[in-house]
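Asker: Numbering (the UniProt record's numbering), first residue to last: 1 to 210.
Built from N, CA and C at the ideal position, the CB exists for glycine as well.
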C-alpha cells in the first residue's frame with residue numbers, strides 16, 4: 001500500500017478503520033470509476049447523499065461560515081451536524097478543517113487523500129476546539145485505483161475525547177458524544193460513507209466517463 005505514510009501514526013487514544021473495494025474486469029474500467037469515486041470524496045456537501053445510511057450532515061464552508069458549492073480545498077472548513085446533543089458554544093455543530101489534499105498518479109496507480117482535523121469554530125472568538133475529539137485526532141479518507149480495483153478507506157487516528165473547553169456544558173456534551181463514538185457509534189457513519197464512495201450505481205454511470 002502506498003498510503004502507509006499518509007495516514008498519521010497512531011500514538012494515543014482510539015483508532016478507527018473502514019475499508020471498501022470494488023473490482024472491475026480491466027484497468028480501464030477501474031480508471032473511469034476512480035474519477036467518479038474521487039469526485040464523491042471531494043464533494044463534501046454530497047456526503048449525506050452518497051452514504052447509504054447518513055447519520056450526520058456535512059457542509060463545506062469558508063472561515064465566515066458561508067457555504068462553498070465546490071470541491072474541498074486545503075484550509076476549508078467542514079461544519080458537521082451529528083445526531084444527538086449539539087455543541088452549545090458553536091450553535092450545535094462540530095467543526096473540522098481540511099488539513100491536506102494529496103493526489104498521486106502513475107500508469108497503474110491513482111490515489112486521492114483528504115485529511116481532516118478537529119478545529120475551532122472559525123466564527124467563534126474563544127478558540128476552543130469545536131469537536132468532541134481533541135485536535136490531535138485526524139480523519140483521513142482516501143480513494144485508490146490499483147490495476148482493476150478501486151477502494152475507499154477511512155482512517156481515524158489518535159481519537160481522544162475533548163473535555164478541555166472553556167464551558168462546562170461543552171465538556172459534558174463532548175464527553176457523552178465522544179464516549180459513544182469511542183464505543184463504536186461513529187463506525188456506521190464512516191463505513192456507510194466509504195461504501196457509498198465506491199458504490200457502483202449502474203453501467204450507465206461508468207459509460208459516462210468512457
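1) From residue 203 to residue 197, what does the alpha carbon distance come to, in whole angstroms?
2) Under the rule that 16 or more other beta-carbon atoms within 10 Å means buried, what is residue 128, buried or exposed?
3) Starting from residue 94, trace the beta strand (DSSP E) both ways and give me its first and last residue.
4) To the nearest angstrom, how far is it from the Cα of residue 123 to the Cα of residue 33?
5) Do you know how far the Cα of residue 45 is from the Cα of residue 67?
6) Using the DSSP secondary-structure output, state which residues sit across from residue 67 in a beta bridge.
7) Going by DSSP in three states, residue 159 sits in which element: helix, strand or coil?
8) Just to confirm, is the Cβ distance from residue 75 to residue 96 under 8 Å?
Answerer: On the basis of the data shown:
1) With a pLDDT of only 49 at residue 203, under the threshold of 50, the placement of this residue in the model should not be trusted; the figure read from the coordinates follows. Their Cα atoms are separated by approximately 16 Å.
2) buried
3) 94-105
4) 38 Å
5) 9 Å
6) 61
7) strand
8) no
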